[in-house]
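Enquirer: Oh and the sequence shown: position 72 is 136 in this note's numbering, straight run, nothing missing.
For every residue, glycine included, the Cβ atom is placed at its ideal position computed from N, Cα and C.
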Amino acid sequence: EAKTLHSIMSCTVDFEAAGYDSRWHVTTLDGAYERERQKTVRLVEDGAMSIGSRRGQSSHQHNPFIMVSKGQPLENAGDCYAFNLVYSGEGPQL
Numbered sequence: 065e066a067k068t069l070h071s072i073m074s075c076t077v078d079f080e081a082a083g084y085d086s087r088w089h090v091t092t093l094d095g096a097y098e099r100e101r102q103k104t105v106r107l108v109e110d111g112a113m114s115i116g117s118r119r120g121q122s123s124h125q126h127n128p129f130i131m132v133s134k135g136q137p138l139e140n141a142g143d144c145y146a147f148n149l150v151y152s153g154e155g156p157q158l
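1) Considering Cα atoms alone, identify which of Leu138, Glu65, Leu149 is closest to Ile115.
2) Is there contact here, the region 68-77 with the region 94-102, by at least three beta-carbon pairs under 8 Å?
3) Take His89 as the anchor and find which of Ala141, Ile130, Asn140 has the nearest alpha-carbon.
4) Determine the DSSP secondary structure at Ser114, reduced to helix, strand or coil.
5) By how many angstroms is the C-alpha of Tyr145 removed from the C-alpha of Asp78?
6) Expressed to the nearest angstrom, what Euclidean distance is found between the alpha-carbon atoms of Lys67 and Leu107?
7) Under 7 Å Cβ to Cβ from Val105, same chain only, skipping five residues before and after it: list those, please.
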């Protein structure tokens, strides 16, 4: 069945280089049955990083949420930038 794409949007955000003591981190919300939205924090390293789902929809296993923070993410302090896709079909999100 043919599909027609009427509009598409993208986002590009540049972040300043961080020093060794305040390197960038990426936080995602992953999970499984009865363990939804478990926080996963990864250090941003050189090279490519990809976060996505092959399920075709957001679910208890993957929420299309990404947070980028300078330094280890803290609840009450620090710089962070959050992104959440409204529609999260298959494919990479970062």
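Expert: Reading it off the structure:
1) By 1-based counting over the sequence shown, the position of residue 115 is 51. Among Leu138, Glu65, Leu149, the Cα nearest to that of Ile115 belongs to Leu149.
2) no
3) In the sequence shown, residue 89 corresponds to position 25, counting from 1. Ranking Ala141, Ile130, Asn140 by Cα distance to His89 puts Ile130 first.
4) As a position in the sequence shown, residue 114 is number 50, starting the count at 1. Ser114: coil per DSSP, three-state reduction.
5) For the purposes of this step, residue 78 is identified with residue 14 of the sequence shown, where counting begins at 1. For the purposes of this step, residue 145 is identified with residue 81 of the sequence shown, where counting begins at 1. The alpha-carbon atoms of Asp78 and Tyr145 are separated by roughly 11 Å.
6) Walking along the sequence shown from the start, residue 67 turns up at place 3. Walking along the sequence shown from the start, residue 107 turns up at place 43. C-alpha separation (whole angstroms): 38 Å.
7) Numbered from 1 along the sequence shown, position 41 holds the residue referred to as residue 105. So the qualifying residues of the chain are His89, Thr91, Pro137.
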